[in-house]
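Trainee: If you scroll down you'll find the structure; I have some questions about it.
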Amino acid sequence: MRYLRYLRKDVNLTTTEMSKRINALFDCSISRERIILFECNIRKPDLATAKIIAAFFNVKLEDVRKNEKVKF
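As structure tokens, this is what we get:
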């Protein structure tokens, strides 16, 4: 499981809920589909998007940018 998916699952949010909350809080437009691409490590978030996600989860920007696999 990738780090971004772990963060989302840890707070019990679906990709749709996460997208809606981020868009409302930060007045931006991050789609559910983009979140899925980030979680699957198909695409990397740009710097602005990574900053928003890091602020949303209150984690380090570097950790969001790396999006490494998380072991339990």
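According to the numbering used here, the sequence shown is numbered sequentially starting from 1.
The C-beta atom is built at its ideal place from N, Cα and C for all residues, glycine as well.
Bear in mind the structure is a predicted one, so any value in this text is a computation, not a measurement.
Leaving aside the five residues before and after Ile22 along the sequence, list all residues of the same chain whose C-beta is less than 8 Å from its C-beta, in chain order.
Mentor: Contacts found: Cys28, Ile30, Ile52, Ile53 and Phe56.
Trainee: Please report how far the alpha carbon of Leu13 lies from the alpha carbon of Glu62, in whole angstroms.
Mentor: So the two alpha carbons sit approximately 22 Å from each other.
Trainee: In angstroms with no decimal places, state the Cα-to-Cα distance between Asn41 and Asn67.
Mentor: For Asn41 and Asn67, the distance between alpha carbons rounds to 7 Å.
Trainee: State buried or exposed for Leu25, treating a residue as buried only when at least 16 other CB atoms are found within 10 Å of its CB.
Mentor: Leu25 is exposed by the Cβ-count criterion.
Trainee: Can you tell me the Cα-Cα spacing of Met1 and Lys20, whole angstroms?
Mentor: Using only the alpha carbons, I get a separation of about 22 Å.
Trainee: Considering only residues of the same chain and omitting the five flanking positions on each side of Met18, which have a CB-CB separation below 7 Å?
Mentor: Excluding sequence neighbours, Met18 sits near Arg8 and Ile35.
Trainee: Taking the alpha-carbon of Arg65 as reference, which of Pro45, Thr16 and Val11 has the nearest alpha-carbon?
Mentor: Out of Pro45, Thr16 and Val11, Pro45 has the C-alpha closest to the C-alpha of Arg65.
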